[in-house]
Amino acid sequence: MDSELRPLLGMELDDSEIDEMLRETGAGVLSMSADGVPYGVPLSFGYDGDRLYFLFVGATADFRKETYAEQSDEVSFTAVDVGPDGAWRSVIVSGPLDRISPEEWDAAREAMLDNAYRSDLLADHELRENPNVWALDVEERSGRAVGQ
5 MDSELRPLLG MELDDSEIDE MLRETGAGVL SMSADGVPYG VPLSFGYDGD RLYFLFVGAT
65 ADFRKETYAE QSDEVSFTAV DVGPDGAWRS VIVSGPLDRI SPEEWDAARE AMLDNAYRSD
125 LLADHELREN PNVWALDVEE RSGRAVGQ
């Protein structure tokens, strides 16, 4: 590896650094696919150490987010943090995405309140029979930092 390129490639984040970034960032892009068509949507999220939680709000007439979520066997989520000096770090996680059950409401709400960029999204919501909150079970994760 050319030593001049090494600073551009950065370094891998370890598990504790990945957890730290997911707890601090609170927003990113959820990438899904339905019938071979990709769809990425920026979302605020909560993280509890094992799962990322998303509230789907502002649904379109065709329920695009929900349709893609239901048709995706596995999704990925990318969070990026860019500092004022140009240094950055990113985390990518992947796994299955499912709508939460009413029994999971408290865990989702707590995770959103703890570290979502829009922590207020579930603050004033009461438990509903079929909440439009989704959980990504993190099965794979990686992270990279450049210029740190």
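Per the working numbering: the sequence shown = residues 5 to 152.
For each residue, glycine too, the CB sits at the ideal point set by N, CA and C.
These figures come from a predicted structure and were not determined experimentally.
1) State buried or exposed for V95, treating a residue as buried only when at least 16 other CB atoms are found within 10 Å of its CB.
2) Within the continuous beta strand (DSSP E) that includes E144, where are the two ends?
3) Which residues bound the alpha helix (DSSP H) around A112?
4) Can you say whether L47 is buried or exposed, counting buried as having 16 or more other CB atoms within 10 angstroms of its CB?
5) How long is the line joining the alpha carbons of D39 and E107, rounded to whole angstroms?
6) Out of curiosity, what's the CA-to-CA distance linking D77 and E143?
7) Which of helix, strand or coil does DSSP assign to S20?
8) Hey, quick one: how far does the beta strand (DSSP E) through L91 stretch, first residue to last?
9) Who are the near neighbours of R27 in its chain, counting only those whose CB is closer than 7 Å to its CB and skipping five residues on each side?
10) Can you give me the start and stop residues for the alpha helix (DSSP H) that E74 sits inside?
11) Just to confirm the assignment, what range does the beta strand (DSSP E) spanning F58 have?
12) Does DSSP put P42 in a helix, in a strand, or in coil?
13) Would you decide whether V97 is buried or exposed? Buried here means 16 or more other CB atoms lie within 10 Å of its CB.
So, to answer that:
1) buried
2) E144 to V150
3) Note, A112: alpha helix (DSSP H), W109 to N119.
4) Under this definition L47 is a buried residue.
5) 31 Å
6) 13 Å
7) DSSP, reduced to helix, strand and coil, places S20 within a helical segment of the structure shown.
8) It should be pointed out that residue 91 corresponds to Ala in this sequence rather than to Leu. DSSP places A91 outside any beta strand (DSSP E), giving it a letter other than H or E.
9) Y51 and N119
10) R68 to Q75
11) R55 to L59
12) strand
13) V97 comes out buried.
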